[in-house]
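Take the sequence shown: its letter number 122 is residue 122 in full-length UniProt numbering, and every next letter is one higher.
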Amino acid sequence: MNFTDQLETISLNELNAAAALQTRTDRKYILTAQQAREVLPLLAKQALVLSIEGRRASDYTSVYFDTPDLASFHLAAHPRRRRFKIRTRSYMDTEQCYLEVKTEGAREQTVKERIEHPFAARSALGKDSLEYIHETLEHELGSCPIAPAELTPVIDSSYSRTTLYLPQSNSRVTVDNNLIWTDPQSGFRLECDEIIVETKSALNAGPADKLLWSHQIRPSRISKFATGMSLIHQHLPANRWHKTTKHKLSTAVSLHP
1 MNFTDQLETI SLNELNAAAA LQTRTDRKYI LTAQQAREVL PLLAKQALVL
51 SIEGRRASDY TSVYFDTPDL ASFHLAAHPR RRRFKIRTRS YMDTEQCYLE
101 VKTEGAREQT VKERIEHPFA ARSALGKDSL EYIHETLEHE LGSCPIAPAE
151 LTPVIDSSYS RTTLYLPQSN SRVTVDNNLI WTDPQSGFRL ECDEIIVETK
201 SALNAGPADK LLWSHQIRPS RISKFATGMS LIHQHLPANR WHKTTKHKLS
251 TAVSLHP
(Lines of atoms letter the chains of each structure in order from A; the text may use other names.)
(Lines give C-alpha, C1' and ligand atoms only; values in the text may rest on other atoms or scores of the structure.)
Protein backbone atom coordinates (compact mmCIF):
# COMPACT_ATOMS: atom_id res chain seq x y z
CA MET A 1 0.00 0.00 0.00
CA ASN A 2 2.54 2.60 -1.16
CA PHE A 3 0.13 4.90 -3.03
CA THR A 4 0.82 7.70 -0.48
CA ASP A 5 4.60 7.85 -0.87
CA GLN A 6 4.58 11.12 -2.83
CA LEU A 7 1.76 12.85 -0.95
CA GLU A 8 2.09 15.92 1.21
CA THR A 9 1.24 15.17 4.84
CA ILE A 10 -1.14 16.56 7.44
CA SER A 11 -0.72 16.18 11.19
CA LEU A 12 -3.36 14.75 13.49
CA ASN A 13 -3.99 18.14 15.11
CA GLU A 14 -4.39 19.76 11.71
CA LEU A 15 -6.74 17.00 10.57
CA ASN A 16 -8.89 17.26 13.67
CA ALA A 17 -9.08 21.03 13.31
CA ALA A 18 -10.05 20.79 9.65
CA ALA A 19 -12.33 17.74 9.62
CA ALA A 20 -13.06 16.19 12.99
CA LEU A 21 -16.40 14.93 11.62
CA GLN A 22 -17.63 13.29 14.78
CA THR A 23 -21.13 13.60 13.27
CA ARG A 24 -20.99 12.41 9.69
CA THR A 25 -22.27 10.23 6.88
CA ASP A 26 -20.17 7.13 6.29
CA ARG A 27 -20.01 4.97 3.16
CA LYS A 28 -17.97 1.79 2.95
CA TYR A 29 -16.52 0.14 -0.11
CA ILE A 30 -14.85 -3.25 -0.55
CA LEU A 31 -12.03 -3.24 -3.09
CA THR A 32 -10.06 -6.13 -4.50
CA ALA A 33 -6.31 -5.69 -4.65
CA GLN A 34 -6.58 -4.94 -8.38
CA GLN A 35 -9.26 -2.29 -7.86
CA ALA A 36 -7.17 -0.70 -5.12
CA ARG A 37 -4.14 -0.48 -7.43
CA GLU A 38 -6.29 1.29 -10.06
CA VAL A 39 -8.34 3.67 -7.91
CA LEU A 40 -6.29 4.65 -4.87
CA PRO A 41 -3.54 6.49 -6.81
CA LEU A 42 -6.28 8.57 -8.49
CA LEU A 43 -7.84 9.37 -5.14
CA ALA A 44 -4.43 10.29 -3.75
CA LYS A 45 -4.02 13.03 -6.37
CA GLN A 46 -6.54 15.20 -4.51
CA ALA A 47 -5.49 14.28 -0.96
CA LEU A 48 -3.10 14.82 1.90
CA VAL A 49 -2.08 11.84 4.01
CA LEU A 50 -2.17 11.76 7.78
CA SER A 51 1.32 11.35 9.23
CA ILE A 52 1.92 10.54 12.88
CA GLU A 53 5.56 10.58 13.98
CA GLY A 54 6.60 9.92 10.38
CA ARG A 55 4.20 6.99 9.88
CA ARG A 56 1.73 7.19 7.01
CA ALA A 57 -0.15 4.10 8.17
CA SER A 58 -1.06 3.00 11.67
CA ASP A 59 -1.96 -0.34 13.22
CA TYR A 60 -5.27 -0.49 15.07
CA THR A 61 -6.99 -3.04 17.26
CA SER A 62 -10.64 -2.72 18.21
CA VAL A 63 -12.29 -4.82 20.91
CA TYR A 64 -16.09 -4.89 20.61
CA PHE A 65 -18.32 -5.46 23.61
CA ASP A 66 -21.85 -6.83 23.70
CA THR A 67 -24.41 -8.25 26.12
CA PRO A 68 -25.01 -12.02 26.61
CA ASP A 69 -27.97 -11.85 24.19
CA LEU A 70 -25.89 -9.79 21.69
CA ALA A 71 -28.17 -6.76 21.82
CA SER A 72 -25.81 -4.53 19.85
CA PHE A 73 -25.31 -7.14 17.13
CA HIS A 74 -29.03 -7.84 16.69
CA LEU A 75 -29.89 -4.13 16.55
CA ALA A 76 -27.44 -3.86 13.64
CA ALA A 77 -28.57 -7.08 11.98
CA HIS A 78 -32.27 -6.29 11.62
CA PRO A 79 -31.66 -3.19 11.53
CA ARG A 80 -33.17 -0.94 14.16
CA ARG A 81 -33.07 2.72 15.01
CA ARG A 82 -31.32 3.67 18.20
CA ARG A 83 -28.44 1.38 17.34
CA PHE A 84 -25.22 1.50 19.28
CA LYS A 85 -21.75 0.01 19.20
CA ILE A 86 -19.28 -0.14 22.07
CA ARG A 87 -15.58 -0.77 21.62
CA THR A 88 -12.11 0.10 22.73
CA ARG A 89 -9.95 1.45 19.92
CA SER A 90 -6.22 0.98 20.42
CA TYR A 91 -3.46 2.67 18.46
CA MET A 92 -0.84 -0.05 18.62
CA ASP A 93 2.08 2.11 17.45
CA THR A 94 1.68 4.64 20.26
CA GLU A 95 -0.07 2.43 22.83
CA GLN A 96 -2.98 4.84 23.15
CA CYS A 97 -6.47 3.53 23.78
CA TYR A 98 -9.97 5.02 23.83
CA LEU A 99 -13.36 3.75 24.84
CA GLU A 100 -15.81 4.66 22.07
CA VAL A 101 -19.59 4.67 22.08
CA LYS A 102 -21.07 4.99 18.59
CA THR A 103 -24.76 5.60 18.05
CA GLU A 104 -26.75 5.83 14.86
CA GLY A 105 -30.04 7.68 14.56
CA ALA A 106 -32.04 9.53 11.94
CA ARG A 107 -30.76 9.65 8.36
CA GLU A 108 -28.06 7.07 9.18
CA GLN A 109 -25.82 9.68 10.76
CA THR A 110 -23.24 8.30 13.12
CA VAL A 111 -22.27 10.05 16.35
CA LYS A 112 -19.12 8.90 18.11
CA GLU A 113 -18.20 9.83 21.68
CA ARG A 114 -15.01 8.66 23.33
CA ILE A 115 -12.79 8.93 26.40
CA GLU A 116 -9.30 7.73 27.15
CA HIS A 117 -8.98 4.12 28.30
CA PRO A 118 -6.02 2.17 29.75
CA PHE A 119 -4.12 0.51 26.92
CA ALA A 120 -3.24 -2.55 29.00
CA ALA A 121 -6.92 -3.04 29.87
CA ARG A 122 -8.37 -2.65 26.38
CA SER A 123 -10.38 -5.88 26.74
CA ALA A 124 -11.97 -4.86 30.04
CA LEU A 125 -14.47 -2.27 31.23
CA GLY A 126 -14.04 -0.77 34.69
CA LYS A 127 -16.51 1.17 36.81
CA ASP A 128 -15.77 4.54 35.18
CA SER A 129 -16.13 3.01 31.72
CA LEU A 130 -19.50 1.46 32.57
CA GLU A 131 -20.77 4.76 33.93
CA TYR A 132 -19.60 6.56 30.78
CA ILE A 133 -21.38 4.02 28.56
CA HIS A 134 -24.62 4.41 30.52
CA GLU A 135 -24.52 8.21 30.45
CA THR A 136 -23.63 8.38 26.75
CA LEU A 137 -26.35 5.96 25.61
CA GLU A 138 -28.89 7.74 27.76
CA HIS A 139 -27.92 11.10 26.30
CA GLU A 140 -27.77 10.01 22.65
CA LEU A 141 -30.65 7.52 22.58
CA GLY A 142 -32.94 8.98 25.23
CA SER A 143 -32.48 5.96 27.49
CA CYS A 144 -29.90 3.26 28.12
CA PRO A 145 -31.25 0.07 26.48
CA ILE A 146 -28.77 -2.31 28.17
CA ALA A 147 -27.20 -3.07 31.52
CA PRO A 148 -23.60 -1.98 30.90
CA ALA A 149 -22.28 -4.31 33.60
CA GLU A 150 -23.27 -7.27 31.39
CA LEU A 151 -20.97 -6.21 28.54
CA THR A 152 -18.15 -8.60 27.62
CA PRO A 153 -15.66 -8.68 24.69
CA VAL A 154 -17.14 -10.62 21.76
CA ILE A 155 -14.79 -9.95 18.82
CA ASP A 156 -11.48 -8.23 18.05
CA SER A 157 -10.55 -6.67 14.74
CA SER A 158 -7.04 -5.57 13.81
CA TYR A 159 -5.92 -3.81 10.65
CA SER A 160 -3.57 -1.24 9.18
CA ARG A 161 -5.15 2.13 8.35
CA THR A 162 -4.15 4.98 6.06
CA THR A 163 -6.12 8.22 6.47
CA LEU A 164 -6.51 10.76 3.68
CA TYR A 165 -7.79 14.33 3.94
CA LEU A 166 -9.48 15.88 0.90
CA PRO A 167 -9.24 19.68 1.24
CA GLN A 168 -11.66 20.35 -1.63
CA SER A 169 -14.58 18.84 0.28
CA ASN A 170 -13.19 19.02 3.82
CA SER A 171 -13.72 15.27 4.11
CA ARG A 172 -11.77 12.19 5.09
CA VAL A 173 -11.17 8.76 3.60
CA THR A 174 -9.74 5.78 5.44
CA VAL A 175 -8.11 2.81 3.72
CA ASP A 176 -7.86 -0.38 5.78
CA ASN A 177 -5.92 -3.50 4.84
CA ASN A 178 -4.56 -6.59 6.58
CA LEU A 179 -7.89 -6.99 8.37
CA ILE A 180 -8.03 -9.86 10.87
CA TRP A 181 -11.02 -10.88 13.02
CA THR A 182 -10.41 -12.83 16.22
CA ASP A 183 -12.82 -14.55 18.59
CA PRO A 184 -11.47 -13.59 22.06
CA GLN A 185 -12.91 -16.76 23.62
CA SER A 186 -11.53 -19.41 21.26
CA GLY A 187 -8.70 -17.52 19.55
CA PHE A 188 -10.18 -18.47 16.14
CA ARG A 189 -9.03 -16.00 13.48
CA LEU A 190 -10.15 -15.00 10.00
CA GLU A 191 -7.93 -13.01 7.64
CA CYS A 192 -9.56 -10.80 4.97
CA ASP A 193 -7.87 -10.29 1.59
CA GLU A 194 -9.84 -7.22 0.51
CA ILE A 195 -9.21 -3.51 1.17
CA ILE A 196 -11.93 -1.57 2.98
CA VAL A 197 -12.33 2.08 1.97
CA GLU A 198 -14.58 4.32 4.03
CA THR A 199 -15.60 7.84 3.11
CA LYS A 200 -16.55 10.18 5.95
CA SER A 201 -18.27 13.34 4.87
CA ALA A 202 -20.87 15.85 5.94
CA LEU A 203 -22.00 15.92 2.31
CA ASN A 204 -24.49 13.66 0.58
CA ALA A 205 -21.64 12.40 -1.58
CA GLY A 206 -18.08 13.65 -1.73
CA PRO A 207 -15.48 13.49 -4.51
CA ALA A 208 -14.11 10.19 -3.19
CA ASP A 209 -17.55 8.59 -3.53
CA LYS A 210 -17.96 9.92 -7.05
CA LEU A 211 -14.53 8.62 -8.07
CA LEU A 212 -15.34 5.15 -6.77
CA TRP A 213 -18.75 5.19 -8.47
CA SER A 214 -17.12 6.15 -11.77
CA HIS A 215 -15.13 2.89 -11.53
CA GLN A 216 -18.31 0.88 -10.90
CA ILE A 217 -17.46 0.45 -7.22
CA ARG A 218 -20.59 0.87 -5.17
CA PRO A 219 -21.07 1.09 -1.40
CA SER A 220 -21.26 -2.23 0.43
CA ARG A 221 -22.74 -3.29 3.71
CA ILE A 222 -19.86 -4.15 5.97
CA SER A 223 -19.25 -3.69 9.65
CA LYS A 224 -15.99 -4.81 11.19
CA PHE A 225 -18.10 -5.76 14.20
CA ALA A 226 -21.27 -7.31 12.79
CA THR A 227 -19.87 -8.77 9.56
CA GLY A 228 -17.01 -10.33 11.50
CA MET A 229 -19.44 -11.77 14.05
CA SER A 230 -21.58 -13.36 11.33
CA LEU A 231 -18.49 -14.83 9.63
CA ILE A 232 -17.08 -16.34 12.80
CA HIS A 233 -20.43 -17.45 14.24
CA GLN A 234 -22.29 -19.02 11.33
CA HIS A 235 -25.52 -19.43 13.33
CA LEU A 236 -26.00 -15.66 13.65
CA PRO A 237 -28.27 -13.87 11.15
CA ALA A 238 -26.32 -12.36 8.26
CA ASN A 239 -29.16 -11.13 6.04
CA ARG A 240 -27.87 -7.55 5.87
CA TRP A 241 -24.39 -8.77 4.97
CA HIS A 242 -25.26 -11.84 2.89
CA LYS A 243 -24.04 -10.31 -0.39
CA THR A 244 -20.90 -9.08 1.33
CA THR A 245 -19.99 -12.33 3.05
CA LYS A 246 -20.85 -14.55 0.08
CA HIS A 247 -19.67 -12.51 -2.89
CA LYS A 248 -17.34 -9.68 -1.87
CA LEU A 249 -15.15 -10.99 0.94
CA SER A 250 -12.62 -13.77 0.76
CA THR A 251 -11.34 -14.96 4.12
CA ALA A 252 -8.86 -17.55 5.27
CA VAL A 253 -8.45 -19.18 8.65
CA SER A 254 -5.19 -18.02 10.18
CA LEU A 255 -2.49 -20.64 10.54
CA HIS A 256 -1.50 -19.07 13.85
CA PRO A 257 -4.68 -18.54 15.89
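Built from N, CA and C at the ideal position, the CB exists for glycine as well. On a predicted model such as this, the values are computed, not experimentally measured, just so you know.
Each residue's CA atom was taken as its position, placing Pro68 and Ala149 some 11 Å apart. Counting of Cβ neighbours within 10 angstroms places Thr25 among the buried residues, the total reaching 16 or more. Restricting attention to Asp59, Val101 and Leu164, the CA atom closest to the CA of Lys200 is found in Leu164. Look at the beta carbons and you see the region 134–148 not touching the region 28–40: under three pairs across the two are nearer than 8 Å. Per DSSP, Trp241 lies in no beta strand (DSSP E) and is assigned neither H nor E. A distance below 6 Å between beta-carbons, with the five flanking residues on each side excluded, links His134 to the following residues of its chain, in chain order: Cys144 and Pro148. Pairing Pro237 with His78, the inter-Cα distance amounts to about 9 Å. Nearest to Arg89 by alpha-carbon distance, out of Thr103, Leu70, Arg81 and Asp59, is Asp59. Here the alpha carbon of Ile195 sits roughly 31 Å from the alpha carbon of Leu125. The residue from Ser11, Glu113, Ala18 and Asn13 with its alpha-carbon nearest to that of Asn170 is Ala18. Closest in alpha carbon position to Leu12, among Thr245, Asn178, Thr162 and Ser214, is Thr162.
Here Thr103 is near Leu137, since their CB atoms are less than 9 Å apart.
Across the set Ile10, Lys224 and Leu7, the C-alpha of Lys224 shows the shortest separation from the C-alpha of Lys28. Contact between Pro41 and Phe3 holds, since their C-beta atoms are separated by about 5 Å, short of 8 Å. When Glu95, Ile86 and Met229 are compared, the shortest CA-CA separation from Gln185 is found for Met229. With a cutoff of 9 Å on beta-carbon distance, Tyr132 and Ile115 are scored as near each other. Nearest in C-alpha terms to Gln216, of all of Thr9, Thr32 and Glu14, is Thr32.
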